[in-house]
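Undergrad: Quick note: to get this note's numbering, add 494 to the position in the sequence shown (first position is 1).
From the three backbone atoms N, C-alpha and C, an ideal C-beta is built for every residue, glycine too.
Quick caveat: nothing in here was measured; it's all calculated off a predicted structure.
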Amino acid sequence: PEWFEAGGVYHADPTYTEFEAMPGMTRSEIELEFPVYRLPDLITESGWYGTSGGLRPSGGRESELECRKRAEDVLAALREEARSLTVNKQVLVVAHYDIIAAVLDCALCQGQTPLPNFTRWKHFNTGITVLDVLAKSGHVLPMYINSIPHLSGRTDLQSGFATD
Numbered sequence: 495p496e497w498f499e500a501g502g503v504y505h506a507d508p509t510y511t512e513f514e515a516m517p518g519m520t521r522s523e524i525e526l527e528f529p530v531y532r533l534p535d536l537i538t539e540s541g542w543y544g545t546s547g548g549l550r551p552s553g554g555r556e557s558e559l560e561c562r563k564r565a566e567d568v569l570a571a572l573r574e575e576a577r578s579l580t581v582n583k584q585v586l587v588v589a590h591y592d593i594i595a596a597v598l599d600c601a602l603c604q605g606q607t608p609l610p611n612f613t614r615w616k617h618f619n620t621g622i623t624v625l626d627v628l629a630k631s632g633h634v635l636p637m638y639i640n641s642i643p644h645l646s647g648r649t650d651l652q653s654g655f656a657t658d
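Now the structure itself:
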């Protein structure tokens, strides 16, 4: 759940100034649809996000700063996972643009001021990014960023990146 899109799950009013957090899928709904998933305990019958439990008990819409903090936590968890390994392991994450960009900022741009709205990175829909997290040092080595060979010749499908 830490890899969810920036902002979280919410309903917005017509002016996009007031936000109500929504709970997301419940534990049993996720287990029914995805029976092989291993779910963390924070996913309950009240859902995984919002005021009724889960990741944002205060509710509302997650800010960019909160998303960036969450990305730091995600990266710390990946580094801890790498440190604990006795054999190599591959982890697949399917995620939205903003959280990918926030994790890349944390991993590869330490000490630099983040660009607003996650605009440092261009990442197409279905773009593949591969990061190697070194076990001892925790350094992150980019192997691929936004690789799209599966979309070769299909410029009509190459969409979904940030613009000015």
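Inspect the beta-carbon positions of residue 618 and residue 653 and report whether they are closer than 9 angstroms.
TA: Yes.
Undergrad: Identify which residue in 599, 541 and 555 has its Cα closest to the Cα of residue 568.
TA: Residue 568 has its Cα closest to that of 599, out of 599, 541 and 555.
Undergrad: Considering just the uninterrupted stretch of the alpha helix (DSSP H) at residue 522, what are its terminal residues?
TA: Residues 521-527.
Undergrad: Taking the alpha-carbon positions, what's the residue 638 to residue 573 distance?
TA: Approximately 18 angstroms between the Cα atoms of the pair.
Undergrad: Cα separation between residue 547 and residue 501?
TA: The predicted position of residue 547 is uncertain, since its pLDDT is 48 and thus under 50; a value taken from the coordinates is nonetheless stated next. Roughly 16 angstroms between the two C-alpha positions.
Undergrad: With the cut-off set at 9 angstroms, would you say residue 636 and residue 628 are in Cβ contact?
TA: Cβ atoms of residue 636 and residue 628: not closer than 9 angstroms.
Undergrad: Looking at the structure shown, is residue 644 part of a helix, part of a strand, or coil, going by DSSP?
TA: Here residue 644 sits in helix by DSSP.
Undergrad: One question on the structure: do residue 601 and residue 612 come within less than 9 angstroms of each other, judged by their Cβ atoms?
TA: Contact: no.
Undergrad: How would you call residue 581, buried or exposed, if buried means at least 16 neighbouring beta carbons within 10 angstroms?
TA: Exposed: under 16 other Cβ atoms inside 10 Å.
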